[in-house]
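Student: Numbering (the UniProt record's numbering), first residue to last: 1 to 395.
Once you've had a glance at the structure underneath, I'll fire off some questions.
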C-alpha cells in the first residue's frame with residue numbers, strides 16, 4: 001500500500017455519530033472479538049494495547065502489521081474496520097478505496113472468496129481497483145490468466161511504481177507469456193562491459209571488490225564516483241539529470257538514478273558495489289547472452305536492479321527513465337525502492353506485458369530469470385558499512 005498521511009482528528013466516536021458501520025456487527029462487538037484473538041499475534045497485540053483500534057489510523061496500522069507478518073486473514077478484518085471507520089471523503093488519507101482494496105486482496109491471499117457486494121462497493125469508489133481485485137481472483141482462484149490480465153488492464157497506473165500490484169501483475173503475466181519475451185533484432189547483444197558506482201571514500205571491502213572485478217580477464221570495468229557521475233549525467237542528459245542526481249536524499253537513491261541512465265546510454269551490465277560476479281561461469285553467461293535485456297527477479301517477483309544487463313536505448317530502460325523523472329518531480333518523498341529502485345523496473349515490465357497483450361507490440365528480446373539463477377551468478381559479501389551508515393530504508 002502507498003505510504004499515505006492520515007488526516008488528524010478523525011475519531012471513531014465522531015464517525016459513528018454520522019453513520020452506521022457497514023458490517024452487521026456493532027463496533028463494540030468487533031472490538032470485543034479483537035481482544036479475544038489478537039493476543040495470538042504479539043506485535044499487533046502490543047500495538048493494540050498502546051493505540052486501540054478505534055480510529056482509521058490505528059486500525060490501518062494494525063492491519064499493516066498483520067499483513068507484513070503474513071497473517072492476511074486477520075489483516076483483512078482490520079482493513080475492513082478501518083474502511084468502516086472512514087468518512088469516505090476524497091481528501092482523507094489513506095483513501096477509503098485503498099483500505100477496501102487491501103482488505104479484498106488479503107482475502108484472496110488467504111484463499112477466500114471475495115464477497116460480490118464488497119467488489120461492487122469498491123467499484124463505486126474506484127473502478128480500476130475493482131478490476132484489479134476481479135483480475136487477481138480470476139488468476140488465483142479460477143486459473144484464467146489471460147482473462148485476468150484483460151480484466152486488470154492497466155490498473156497498475158493508479159498506484160505508485162513498485163507497489164504490490166506490479167509484482168502480482170508480473171507473476172500473472174510471466175506465467176502466461178513466459179519469462180522470455182520479444183524477438184531478436186540485429187546487433188542486439190549486450191555489450192560485454194561492467195559498470196559500478198560508489199559516491200566517495202569507499203571502505204576497504206568495497207575497494208577490494210573493485211580490485212577483484214578489475215582483474216577479471218577480458219571484462220572492461222568502469223567505476224563511477226559522485227563527481228564523475230554528475231559530470232557524465234550533465235554531458236549526456238543535461239542539467240536536470242545532474243541536479244536530480246546531486247539532490248538525491250541518499251546515496252542509494254543516487255545510484256538508482258545513475259544506473260538507468262548509464263546502461264540505457266552505453267549498454268552493458270550493472271553491478272552494485274556490494275555484490276560480486278561469482279566465477280568464470282558468470283562471465284561466460286554474460287558474454288554469451290543473446291538478447292536486448294537480461295533481468296532477474298526475487299522470489300516475490302520484484303525485479304533486481306542490483307545486477308542486470310541491457311542494450312542501449314532499450315524499451316525497458318526508457319520506461320524506467322519516465323518513472324524516474326515523474327517520481328523525482330511529483331513524489332519526492334516516496335519510499336526509495338518504489339521511487340527509483342526496483343519499483344521503476346517492475347512498472348516497466350507491467351507496461352511491456354500490457355502492451356504486448358493489448359496492442360500486439362512485440363518488444364526486443366528480453367529474459368527475466370528467477371532468484372535461483374541470480375544466486376548462481378552473483379555473490380553477496382559482508383559489508384560492515386551497512387551496520388554504521390544510515391540505511392536507505394530510513395531515508
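A virtual CB, placed ideally from N, CA and C, is assigned to each residue, including glycine.
Model, not experiment: these values are computed from the prediction.
By Cβ distance below 6 Å, which residues in the same chain neighbour residue 367 in space, the five residues on each side in sequence not counted?
Tutor: Once the five neighbours on either side are set aside, the close Cβ partners of residue 367 are 180, 291 and 294.
Student: State the Cα-Cα distance for the pair residue 449 and residue 107, rounded to the nearest angstrom.
Tutor: An answer regarding residue 449 cannot be provided, because it is not within the stretch 1 to 395 covered by the chain.
Student: Kindly indicate which three-state DSSP category residue 189 falls into: helix, strand or coil?
Tutor: Coil.
Student: In the structure shown, what three-state DSSP assignment does residue 276 receive?
Tutor: Three-state result, residue 276: strand.
Student: Checking 7 Å against the spacing of the C-beta atoms, do residue 225 and residue 209 come in under that value?
Tutor: No; because the gap between Cβ atoms is not below 7 Å, this pair is not in contact.
Student: For the segment 43-73, which segments carrying the alpha helix (DSSP H) assignment without a break, of at least 4 residues, lie completely within its bounds, in sequence order?
Tutor: Qualifying alpha helix (DSSP H) stretches, in chain order: 56-68.
Student: Give the secondary structure of residue 228 by DSSP, where H, G and I count as helix, E and B as strand, and everything else as coil.
Tutor: Three-state result, residue 228: helix.
Student: When the Cα atoms are used, what is the spatial distance from residue 287 to residue 332?
Tutor: Going by the C-alpha atoms only, they are around 38 Å apart.
Student: Looking at residue 205 and residue 55, is the spacing between their C-beta atoms short of 7 Å?
Tutor: Their beta carbons are not under 7 Å apart, which means residue 55 does not touch residue 205 by this criterion.
Student: Let's see if you can read the secondary structure: which residues bound the alpha helix (DSSP H) around residue 169?
Tutor: That run of the alpha helix (DSSP H) goes 164-177.
Student: CB residue 66 to CB residue 79, shorter than 7 Å?
Tutor: No, the Cβ-Cβ distance between residue 66 and residue 79 is not below 7 Å.
Student: Which runs of the alpha helix (DSSP H) at least 4 residues long sit entirely within the segment 74-160? Give them in chain order.
Tutor: For the segment 74-160, whole alpha helix (DSSP H) runs of length 4 or above, ordered along the chain, are 96-109, 116-125, 127-141 and 145-152.
Student: Below 8 Å, can you find three or more Cβ-Cβ pairs linking the segment 340-352 to the segment 149-162?
Tutor: Contact between the segment 340-352 and the segment 149-162 is present, because at least three Cβ pairs lie under 8 Å.
Student: Rounded to whole angstroms, what is the Cα-Cα separation between residue 40 and residue 71?
Tutor: Answer to the nearest angstrom: the Cα atoms are 11 Å apart.
Student: Rounding to the nearest angstrom, what Cα-Cα distance links residue 280 and residue 252 in this structure?
Tutor: Their backbone Cα atoms lie some 28 Å apart in a straight line.
Student: How far does the beta strand (DSSP E) with residue 312 in it reach, from first residue to last?
Tutor: Looking at the DSSP string, residue 312 is not in any beta strand (DSSP E), and its letter there is neither H nor E.
Student: Going by the DSSP bridge assignment, what does residue 364 pair with across the sheet?
Tutor: Looking at the DSSP assignment, residue 364 forms a beta bridge with 183.
Student: For residue 22, count neighbouring C-beta atoms within 10 Å of its own C-beta (all shown protein chains included) and say buried if the count is 16 or more, exposed if not.
Tutor: Confidence in residue 22 is poor, its pLDDT being 42 and thus under 50, which makes the residue's placement unreliable; the coordinate value appears in the next sentence. It is exposed - the Cβ of residue 22 has fewer than 16 other Cβ atoms within 10 Å.
Student: Given the structure, does residue 343 come close to the ligand SAM, in the sense that its CB is under 6 Å from one of the ligand's heavy atoms?
Tutor: Inclusion of the ligand SAM in the displayed structure is not the case, the ligand content being empty and no account of it being possible.
Student: Who are the Cβ neighbours of residue 168 in its own chain at under 7 Å, not counting the five residues just before and after it?
Tutor: Counting only Cβ-Cβ distances below 7 Å, and skipping sequence neighbours, we find 136.
Student: Do you know how far the Cα of residue 139 is from the Cα of residue 76?
Tutor: In a straight line, the C-alpha of residue 76 is about 20 Å away from that of residue 139.
Student: For residue 296, which three-state DSSP category applies?
Tutor: Strand at residue 296.
Student: Have a look at 183, 245, 91 and 353 and flag the residue whose alpha-carbon is nearest the alpha-carbon of residue 152.
Tutor: For residue 152, the nearest C-alpha among the options comes from 353.
Student: In terms of residue numbering, what span does the alpha helix (DSSP H) encompassing residue 218 cover?
Tutor: Taken as a continuous stretch (DSSP letters only), residue 218 belongs to no alpha helix (DSSP H), as it is neither H nor E.
Student: Whole angstroms are fine: how far does the CA of residue 320 sit from the CA of residue 380?
Tutor: Using only the alpha carbons, I get a separation of about 25 Å.
Student: Using the beta-carbon count (16 or more within 10 Å), is residue 303 buried or exposed?
Tutor: So residue 303 counts as buried.
Student: Taking the beta carbon of residue 311 as the centre, do at least 16 other beta carbons fall within 10 Å, making it buried, or is it exposed?
Tutor: Buried.
Student: Secondary structure at residue 21, three-state DSSP: helix, strand or coil?
Tutor: Low local confidence applies: a pLDDT of 38 at residue 21 is under 50, so the model's placement there is unreliable, and no value is given.
Student: How many angstroms separate the CA atom of residue 326 from the CA atom of residue 262?
Tutor: Cα to Cα, residue 326 sits roughly 18 Å from residue 262.
Student: Taking Cβ to Cβ, would you say residue 362 is nearer than 7 Å to residue 171?
Tutor: Cβ atoms of residue 362 and residue 171: not closer than 7 Å.
Student: Do you know how far the Cα of residue 28 is from the Cα of residue 298?
Tutor: Cα to Cα, residue 298 sits roughly 42 Å from residue 28.
Student: Are residue 195 and residue 268 close, meaning C-beta to C-beta below 7 Å?
Tutor: Result yes, Cβ atoms of residue 195 and residue 268 sit closer than 7 Å.
Student: Tell me the rounded alpha-carbon separation between residue 328 and residue 156.
Tutor: Approximately 19 Å between the Cα atoms of the pair.
Student: So, with DSSP's three-state summary, where would you put residue 369?
Tutor: Residue 369 falls in the strand class under three-state DSSP.
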